[in-house]
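A.B. asks: Per the working numbering, numbering through the sequence shown is continuous, rising by one, with the last residue being 873. Below you'll find the structure I mean.
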Amino acid sequence: MRLSQRIEGITGGGSDGWDLFYRARAMKAAGEAVLELTVGEHDWTTPRPILDAMHAAATAGQTGYAVVPGLCALREAVAARVAQRTGVATAPENVLITPGGQAGLFAAHMAVCDPGDRALHLDPYYATYPGTIRAAGAVPVAVETRPDDGFQPRAADLGAAATGARSLLVNTPNNPTGAVYSRDTLEGVAEVARAHDLWLISDEVYDTHVWEGTHLSPRALPGMAERTLVVGSLSKSHAMTGSRLGWVVGPEEAIARMIDLATVTTYGVPTFIQQAGIVALGQPALEREGAAVFRRRRDLATRVLEGREGLRLLPAQGAMYVLLDVRATRLSGEGFAHALLDAHRIAVMPGESFGQAAAGHVRVALTVADDRLEAALETLARFAAARAAEAA
Ligand code: PLP
């Protein structure tokens with residue numbers, strides 16, 4: 482039977498650059514000792530107090546249908562957190578609780594894009610962005626950012642692509658580049674959004690993982706609260722990737738329409754997960770401790786990789802990865818990652834999995850214990866130096 486063009490078109494066809502990831506997984510399943518530095522997932526489980534709250538709520542009987550927009554107490558906690566961190570007045574009515582940030586990204590595009598609308602996003606990008614935009618019926622338009630700019634978007638490039646567009650999706654701190662957008666960058670982004678009457682969708686799921694600079698939410702810039710939808714999540718900040726707990730913050734009218742969407746799609750997030758989220762947000766030490774691990778590993782990666790032959794470390798200002806320029810080896814990011822996997826059983830993501838702007842790069846997730854990470858980075862650096870020497 483024929484399926485809809487919409488669903489057939491979600492992947493966009495062609496290779497998505499994730500072959501490396503699947504090959505590493507298959508090698509591991511076949512019993513090989515592969516070290517995976519691929520996906521952005523913690524090497525520890527959700528902290529105990531959060532799990533205790535989840536268990537207590539579930540065993541107390543909170544296993545029925547959830548309230549679709551989210552529990553009042555959780556919407557209040559998210560609103561208070563956002564107001565406190567950004568200075569923008571935020572009420573529970575500005576918050577929709579979603580099953581993770583990913584569902585928030587989809588809901589946001591569904592809310593603002595009509596079928597066929599151009600929806601801008603930046604390249605390199607988090608792997609689901611183009612598919613999410615297509616799933617919402619819109620047309621993804623990638624705007625390149627450049628390694629020489631530290632992958633900060635240029636307002637002129639955005640302006641050039643913005644004519645006729647409906648939305649612009651930005652992500653700071655950024656996956657995969659580790660860039661934290663400066664105030665100048667975000668003022669440029671906001672200027673383009675206002676000038677072209679765009680909705681700004683701001684993916685801030687790494688807002689607690691900032692190593693340099695400060696996280697600025699573009700919703701806080703003049704005239705932006707009315708046209709910005711902020712996507713947040715407890716996945717990265719609280720090691721809750723499997724719990725699927727996130728949110729969208731935006732104008733009340735847009736949130737009300739997204740509640741309609743949630744009613745016909747997700748029907749909310751399990752109440753026992755939401756109760757755990759309330760406990761998580763009430764204990765800031767939990768997120769500080771999680772972030773400290775990635776900061777320490779970022780420093781470790783900088784110490785091991787900076788100044789090495791054959792690779793260039795891009796300064797990771799946030800998130801949980803480092804991006805390495807391996808063009809000196811004359812290999813593509815894909816070629817490098819496959820060769821490293823073959824030679825040393827170390828899996829890193831080719832930059833090409835995140836768009837063309839990161840071609841010739843690889844992304845290393847800082848998601849194994851420090852000693853194993855250090856050894857793997859040392860091996861990677863020697864491998865890059867040897868390949869660069871061969872290429873010279
Ligand atoms: N946005 C970015 C930039 C991400 O890296 C991820 C996950 O890796 C997500 C959104 C989705 O996160 P969640 O687990 O909250 O759906």
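Where a beta carbon is used, it is the ideal one built from N, C-alpha and C, also for glycine.
Between the alpha carbons of residue 698 and residue 708, how many angstroms are there, rounded?
C.D. replies: Going by the C-alpha atoms only, they are around 13 Å apart.
A.B. asks: Hey, would you say the C-beta of residue 575 is under 6 Å away from at least one heavy atom of the ligand PLP?
C.D. replies: No, Cβ of residue 575 sits at least 6 Å from all heavy atoms of the ligand PLP.
A.B. asks: In chain order, what are the residues with a CB under 6 Å from some non-hydrogen atom of the ligand PLP?
C.D. replies: In chain order, the hits are 521, 581, 582, 583, 607, 652, 656, 684, 686, 714, 716, 722, 727.
A.B. asks: Can you look up residue 652 in the DSSP assignment and give me helix, strand or coil?
C.D. replies: In this structure, residue 652 counts as strand in the three-state DSSP scheme.
A.B. asks: Using a Cβ-Cβ cut-off of 6 Å (strictly less than) and excluding sequence neighbours within five positions of residue 717, which residues of its own chain qualify?
C.D. replies: 686, 687, listed in sequence order.
A.B. asks: Can you name the residues that DSSP bridges to residue 713?
C.D. replies: Beta-bridge pairing links residue 713 to 728.
A.B. asks: As a quick exercise: from 774, 811, 810, pick the residue whose alpha carbon is nearest that of residue 799.
C.D. replies: Checked all of 774, 811, 810; the closest Cα to residue 799 is 774.
A.B. asks: Given this structure, state the Cα-to-Cα distance separating residue 509 from residue 763, to the nearest angstrom.
C.D. replies: Cα to Cα, the separation comes out at about 38 Å.
A.B. asks: For residue 693, does the three-state DSSP call read helix, strand or coil?
C.D. replies: DSSP places residue 693 in coil when its eight states are reduced to three.
A.B. asks: Sort out for me which residues DSSP pairs residue 707 with in a bridge.
C.D. replies: Note: residue 707 sits in no beta bridge, so no partner.
A.B. asks: Per DSSP, what kind of secondary structure is residue 665 in: helix, strand or coil?
C.D. replies: Of the three classes helix, strand and coil, the one that applies to residue 665 here is helix, per DSSP.
A.B. asks: Work out the CA separation of residue 870 and residue 672 for me, nearest whole Å.
C.D. replies: Approximately 46 Å between the Cα atoms of the pair.
A.B. asks: Is DSSP giving residue 507 helix, strand or coil here?
C.D. replies: Helix at residue 507.
A.B. asks: Just mark residue 684 as buried or exposed, buried being the case when its beta carbon has 16 or more other beta carbons within 10 Å.
C.D. replies: Result: buried.
A.B. asks: With the cut-off set at 7 Å, would you say residue 825 and residue 860 are in Cβ contact?
C.D. replies: Going by C-beta atoms, residue 825 is nearer than 7 Å to residue 860.
A.B. asks: Does the pairing of the segment 776 to 791 with the segment 631 to 644 give three or more beta-carbon distances under 8 Å?
C.D. replies: Touching, no.
A.B. asks: Which partner residues of residue 842 appear in the DSSP bridge assignment?
C.D. replies: Residue 842 is bridged to 806.
A.B. asks: If we count the other Cβ atoms within 10 Å of its Cβ and call it buried at 16 or more, is residue 692 buried or exposed?
C.D. replies: So residue 692 counts as buried.
A.B. asks: Which one or two residues does DSSP pair with residue 625 in a beta bridge?
C.D. replies: DSSP, once it has assigned bridges, lists 604 as partnering residue 625.
A.B. asks: According to DSSP, is residue 815 helix, strand or coil?
C.D. replies: If DSSP states are grouped into helix, strand and coil, residue 815 belongs with the helices.
A.B. asks: Decide yes or no for the touch test of the segment 661 to 670 against the segment 801 to 809: beta carbon pairs closer than 8 Å, at least 3 of them.
C.D. replies: Because the criterion of three Cβ pairs below 8 Å is not met, the segment 661 to 670 and the segment 801 to 809 do not touch.
A.B. asks: Going by other Cβ atoms of all chains shown within 10 Å of its Cβ, with 16 needed for buried, is residue 755 buried or exposed?
C.D. replies: It is buried - the Cβ of residue 755 has at least 16 other Cβ atoms within 10 Å.
A.B. asks: In chain order, what residues of the same chain lie with their CB nearer than 7 Å to the CB of residue 645, ignoring the 5 residues before and after it?
C.D. replies: Hits under 7 Å: 599.
A.B. asks: Measuring alpha carbon to alpha carbon, tell me which of 594, 550, 485 ends up nearest residue 733.
C.D. replies: Cα-wise, what sits closest to residue 733 is 550.
A.B. asks: Given this structure, state the Cα-to-Cα distance separating residue 544 from residue 582, to the nearest angstrom.
C.D. replies: Those two C-alpha atoms are separated by around 22 Å.
A.B. asks: Rounded to whole angstroms, what's the CA-CA distance from residue 602 to residue 735? Just pull it up for me.
C.D. replies: Going by the C-alpha atoms only, they are around 20 Å apart.
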